[in-house]
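In the working numbering, the protein residues as written are 5 to 102.
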Ligand SMILES: [Fe+2]
């Protein structure tokens, strides 16, 4: 990481590479733990020309999720096209998921 003598180092932890912006946004990488962190003070957009793949031991989403532009599948089952077995068609809507 390059710093200048005219600016204070953004962190004094030798294991931490940190870029801090004036509005509080920051990018950090802890070499000791391998953890990376992004703090964004506005919208964050990933504009990917190809496939975006996420691999993690777990995914945690805090907040509502909106997906557009096509179907969504879970283990090959379509959210828009899947059917339910053992249902007798009638005029009523189903209840909430249980
Ligand atoms: Fe369903």
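Built from N, CA and C at the ideal position, the CB exists for glycine as well.
Annotation: residue 93 to residue 76 spans about 25 Å, alpha carbon to alpha carbon.
Residue pairing from DSSP places residue 43 in a beta bridge opposite 30. A straight-line Cα-Cα distance of about 48 Å links residue 74 and residue 12. Using a Cβ-Cβ distance cut-off of 8 Å, the segment 63-73 and the segment 40-52 are not in contact, since fewer than three pairs of beta carbons, one from each stretch, lie closer than that value.
Between ligand 1 and residue 33, a heavy atom-to-CB distance of less than 8 Å is absent. Ranked by how close their Cα comes to the Cα of residue 84, the residues 72, 90, 91 and 95 have 72 in first place. Under DSSP, residue 22 shares a beta bridge with 32.
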